[in-house]
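Step one of this worksheet: look at the structure below.
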Amino acid sequence: MNSLVVDAESNLRLVVFVVLFTALSLAEIAFPRRTLLFPRTVRWRTNIAISVFNTLIVRIAVPLAGVGAALFAQQEQWGIFPVIRNYFQLPQWASIIIFLFIFDLTIYYQHRVFHAVPFLWRFHRVHHTDMDYDITTGIRFHPVSIIISSYIKILLIMFMGVSAMAVVIAEILLNATSMFNHSNLKLAPKLESFLRLFLVTPDMHRIHHSSNAVEHNHNFGFNFPWWDRLFNTYIDKPEKSLEEINIGIEGINKKDSMSLFSLLSQPFRRAE
Numbered sequence: 001m002n003s004l005v006v007d008a009e010s011n012l013r014l015v016v017f018v019v020l021f022t023a024l025s026l027a028e029i030a031f032p033r034r035t036l037l038f039p040r041t042v043r044w045r046t047n048i049a050i051s052v053f054n055t056l057i058v059r060i061a062v063p064l065a066g067v068g069a070a071l072f073a074q075q076e077q078w079g080i081f082p083v084i085r086n087y088f089q090l091p092q093w094a095s096i097i098i099f100l101f102i103f104d105l106t107i108y109y110q111h112r113v114f115h116a117v118p119f120l121w122r123f124h125r126v127h128h129t130d131m132d133y134d135i136t137t138g139i140r141f142h143p144v145s146i147i148i149s150s151y152i153k154i155l156l157i158m159f160m161g162v163s164a165m166a167v168v169i170a171e172i173l174l175n176a177t178s179m180f181n182h183s184n185l186k187l188a189p190k191l192e193s194f195l196r197l198f199l200v201t202p203d204m205h206r207i208h209h210s211s212n213a214v215e216h217n218h219n220f221g222f223n224f225p226w227w228d229r230l231f232n233t234y235i236d237k238p239e240k241s242l243e244e245i246n247i248g249i250e251g252i253n254k255k256d257s258m259s260l261f262s263l264l265s266q267p268f269r270r271a272e
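Residue numbers are given in the UniProt record's numbering: position 52 of the sequence shown equals residue 52, and the series is strictly consecutive.
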């Protein structure tokens, strides 16, 4: 039964990914926010390649995935939620909503730590050295970053003792919003302002990818925009216009950010 749950989760995530990736890719072409500096064929080949590579590596390095961790914790009655259920009749839907908020807050702080700790920043920097900004930027991460993030999620899941359903929803939501807020999509100003009340938008997160050191240390949120406002890391607008800001990291040039090998080796080389 557990293997069926894990397989169903993997298939569902794949279907959601393919549908959203296709829809957002077409939307980017129809309504682009910025003119891309480099051909899609070059960047997409590299960004998709490292995403596929990460998937293979994580299957080896992280044998107990998020849903597997939830099923194990549920079997052993580990975590906070089983304790709460011993004293209160907490509905399943309520525990899922609580976990979604805690999960997103954890990802927000993980993101800040990845920027603050030099060793972690070297690996997370690979995500920021994309010199253009589109949907594939949202899947461009160094495998070391992905492995560390996976273990942080597993620890959180087992500490909370959350259901497998909650984990599936949280992971799908994170993947979907990451693709959305990294897309090169121009939204109508009123729609952008409305969505930003409860969702991180492309314009909001694009500021985080500015080569301006101050700007890329703000707007850390992935799903919900409230943490940045609550913890004073929110910037409403960049110094330059959203069409004019430089994307990437100072000292990392095209040669160092356009091939799979350069991305994998980048953390072990200094920015010029």
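From the three backbone atoms N, C-alpha and C, an ideal C-beta is built for every residue, glycine too.
Computed from a predicted structure; not experimentally measured.
Collapsed DSSP secondary structure at residue i in the structure displayed
i	result
I172	helix
S257	coil
residue 288	Beyond the ends of the chain as shown, which are 1 and 272, falls residue 288; an answer cannot be given.
L195	helix
P225	coil
L185	strand
S210	strand
I247	strand
P39	coil
P91	coil
P32	strand
L242	coil
W121	helix
M165	helix
H216	helix
Y108	helix
Beta-carbon contacts of residue i that lie in its chain and below 7 Å, excluding the five residues immediately before and after
i	result
R112	F220
D132	L36, L37, F38, R43 and I247
I84	L90
Proximal residues to residue i (C-beta, below 6 Å), its chain only, five neighbours per side dropped
i	result
T137	D130 and H182
I207	E215, N219, I235 and P238
I152	Q110
T233	H218 and F220
P82	G161
Separation of residue j from residue i, as counted between CA atoms
i	j	result
V52	R196	31 Å
Y109	P32	30 Å
F119	V144	11 Å
L155	I148	11 Å
Q266	V58	19 Å
G161	V167	10 Å
H124	H142	7 Å
L100	A170	6 Å
R269	N47	19 Å
N212	G79	41 Å
E243	R34	5 Å
F198	E192	11 Å
L14	D104	21 Å
I252	H115	16 Å
F88	I96	15 Å
W18	T177	Checking the displayed sequence, the identity of residue 18 turns out to be Val instead of Trp. Cα to Cα, V18 sits roughly 14 Å from T177.
L264	P189	38 Å
H205	W227	13 Å
F231	P225	11 Å
A65	I102	18 Å
L159	I245	For clarity, residue 159 is Phe in the given sequence; the question names Leu instead. C-alpha separation (whole angstroms): 41 Å.
V200	K186	14 Å
I60	I50	15 Å
I146	K240	31 Å
V62	I157	14 Å
F261	I98	40 Å
W121	F194	32 Å
Close beta carbons around residue i, own chain, < 8 Å, minus the five adjacent residues each side
i	result
I135	F21, L24, S25, E28, M179, H182, S183 and N184
I172	L12, R13 and V16
Q77	G161
Top-ranked residue by Cα proximity to residue i, from the options
i	options	result
N175	R269, L155 and I107	I107
F222	K240, N212, D203 and A213	D203
T55	S150, N232 and S257	S150
H127	P82, V19 and H209	H209
N217	R45, Q92 and I249	I249
M258	V117, R140 and V200	R140
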